[in-house]
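This report concerns only the one structure given below.
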DNA sequence: CATGAATGAGAATTCATTCAT
DNA sequence: AATGAATGAATTCTCATTCAT
């Protein structure tokens, strides 16, 4: 085990940063939550900013792993998307705070180049999927970035409803939301008359 | 005019809070941005938290006004949604920072009861629209909160793409995103005739 | 008056740094001694290191002024030295802590380039005096740096005896020490047989 | 051998305290320099202050030994002084940091009674030498403390020039500085015949 | 009304010291 | 005996807020 204190600190940081904001979280509180002394944090992370970046990278890395696996284990766009949504869903169930964190801390001034690169990687990966699906005629013609923004945003919006207790996080909602969002993405096979 | 200093402070606060976070924004910096003395802020807002709440209410109030007008000036759900999306769009153009602010500061511990009430009002209003549209058979059967979360999230996601410069904020994107999101909402009648 | 708080802080810093060391002086103690709030110090000096450098420059600048005046108001080396010693003496009476400070903080890692330059200026000035006196045949032939080190050190050693109360700081001691040190410097007019 | 770790710690402490100050030296750094674990230091010295006192006593004890030997192995004041200066010189060559340390840490608040006593012993010893030399008519009539302060200070000043690289630490400088300082001390007989 | 210098409580970070291994 | 990870008190520094001008 690569030190369970390190992980305890990362976990506490994710939890607190995602609910109280990076700047709104005092280190002593974080230390208490992690069950370590305040000084101990600095044995693992040389500053609060470095810790924030580590949390960011852990989250986006885990998410990336989930998405990559989802996409590679299917072959047609519709199934790939099902995999993606299921991946997001399971990730959100296991890491309920990670989405809120990634959203809150997106483009925060303290993020360093490497963290931004991790973010770009995710985005590029999503872009490639969209282009492939469009080429296959399965997905609506539109700038990939726009579609990605809409879908990612929709999922984030959904997780907030979970967090607020306004929507239940069950299989039924998973299926229905997935269908709805696919409609957003799907090529309009019917003749659209503006 | 209720003092242009007050408004300058609110504007500076919106701008800074939305980019640097509430806790990440020092009052002296805010004063400088607003072009007033640090002490002056306290003539208009008794504390930083009160200022934060005022910004929140200004944003959500303005947004509410936009949405209400959009809905009341149309009669069929499809047109209402077009109005809503256009309202959001125009609001985002005029107040590019307001969405980021509302997202970042959603459920921040410093928000008081009144601010939360403002948020609830928005949400209830949206809920009523959804239910009406569902009753009319125009909108997909699903919990309103789920649909609202998805659509609101999608729009927020889109504004982030604007802010990042990855999507252009032009009429074409406005129309296409609106169509895509309507597909997410629309009742699944095979024949969609707009 | 260019802020009497600034001067109060410099005075307190000189006093404490010279007795307790730079690193041995906590900022709150310094603030208390200066009669200001802890935060006030940072309105005038952006960090403790900057404050340390300011104290150093103030001391070495004042000392430089004293020496320059001493030297320019005499014409023969013997009288110049009398002036120098008297200058040092009066300076030590008025700024009893400055010598201890300059000695303690010589070549401390926190000193910046400008402070080191101030030190060099003093040293160059002394060097020129020594060379002039040597050229006039009044001063012992030896590397100026060696003589300067010996004389400066001797004076510093003397001030420590004052501070320790082992030597009285009176006119008599001033005269006798001056004579003794001049012997150290003076050209050996007698024939020296090694 | 009383443990070579103990000595390694003392050596590292002398080196660091003399360049970075007592308060400016973190124990972990000291441990690293000494090549021991941080905890190990506390097996030999119960606290940092105790270590500081041990370094002080080691330095002043070694210096005392050198001076005592120098004085006892000569009989006339002029030769005694030659021995003293040579003793100081050799000591400074072997322990280049000891002088800076003794100067920096003179009268530091952390020094305990025993360390101060060691200092007094040195001083008393020097005083006796001065008085003897004065009684023999070889040394200038003046308070011993004044002469000791001047001479000790002069030597310290010289070592700083060595450390700064402004004066070379060679035989020639040794002889010339010794002569110069003896002039400071010598009774003012017109005819000085060495 | 407006200001911004001044404040001190609280933030991030360091470091002397301990103690389980 | 030796270690070095862990600690929390102490340190440097920041910032929301006040108040004399």
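Chains as they are written, first to last, in this note's numbering: chain A, 1 to 194; chain R, 195 to 388; chain F, 389 to 582; chain X, 583 to 776.
Here a beta-carbon is modelled for each residue, glycine too, at the ideal position from N, C-alpha and C.
All values reported here derive from a predicted model rather than from experimental measurement.
Own chain, CB closer than 8 Å to residue i, minus 5 neighbours either side, in chain order
i                      : result
residue 29 of chain A  : 16
residue 96 of chain A  : 159, 162, 163
residue 131 of chain A : 144
residue 150 of chain A : 184
residue 540 of chain F : 514
residue 749 of chain X : 740, 743, 755
residue 306 of chain R : 243, 247
residue 202 of chain R : 228, 229, 230
residue 510 of chain F : 448, 451, 452, 455
residue 335 of chain R : 328, 381
Residue i to residue j span [Cα, whole Å]
i                      : j                      : result
residue 376 of chain R : residue 114 of chain A : 37 Å
residue 4 of chain A   : residue 35 of chain A  : 11 Å
residue 601 of chain X : residue 638 of chain X : 14 Å
residue 692 of chain X : residue 551 of chain F : 18 Å
residue 729 of chain X : residue 516 of chain F : 27 Å
residue 207 of chain R : residue 282 of chain R : 21 Å
residue 614 of chain X : residue 593 of chain X : 12 Å
residue 364 of chain R : residue 238 of chain R : 37 Å
residue 685 of chain X : residue 738 of chain X : 8 Å
residue 116 of chain A : residue 255 of chain R : 34 Å
residue 462 of chain F : residue 756 of chain X : 32 Å
residue 581 of chain F : residue 622 of chain X : Only weak support exists for where residue 581 of chain F lies, its pLDDT of 43 falling under 50; the value from the coordinates is given anyway. So the two alpha carbons sit approximately 56 Å from each other.
residue 576 of chain F : residue 527 of chain F : 8 Å
residue 588 of chain X : residue 436 of chain F : 34 Å
residue 380 of chain R : residue 124 of chain A : 30 Å
residue 481 of chain F : residue 456 of chain F : 18 Å
residue 100 of chain A : residue 486 of chain F : 57 Å
residue 105 of chain A : residue 619 of chain X : 40 Å
residue 221 of chain R : residue 285 of chain R : 27 Å
residue 370 of chain R : residue 176 of chain A : 23 Å
residue 359 of chain R : residue 165 of chain A : 33 Å
Outcome for residue i when other beta-carbon atoms lying within 10 angstroms are tallied against a minimum of 16
i                      : result
residue 689 of chain X : exposed
residue 451 of chain F : buried
residue 659 of chain X : buried
residue 460 of chain F : exposed
residue 579 of chain F : At residue 579 of chain F, the pLDDT of 42 sits below 50, so the modelled position is not reliable and the matter cannot be decided from this model.
residue 662 of chain X : buried
residue 446 of chain F : buried
Identified DSSP bridge partners for residue i
i                      : result
residue 186 of chain A : A:139
Sequence-distant residues of the same chain with beta carbon closer than 6 Å to residue i, five excluded per side
i                      : result
residue 154 of chain A : 181
residue 52 of chain A  : 22, 110
residue 372 of chain R : 279
residue 327 of chain R : 271, 333
residue 1 of chain A   : Any reading at residue 1 of chain A must be qualified, since the residue scores a pLDDT of 48, below 50, and its modelled position is unreliable; the value itself is stated next. For residue 1 of chain A, where only same-chain residues beyond five positions count, there are no Cβ hits under 6 Å.
Spatial neighbours of residue i in its chain, beta-carbon cut-off 7 Å, leaving aside the 5 residues before and after
i                      : result
residue 136 of chain A : 77
residue 219 of chain R : 210, 211
residue 277 of chain R : 264, 265, 267, 268
residue 119 of chain A : 60
residue 248 of chain R : 204, 239
residue 42 of chain A  : none
Which runs of the alpha helix (DSSP H) fall wholly inside the segment 39–119 of chain A and span at least 4 residues, in chain order?
48–72, 77–94, 96–105
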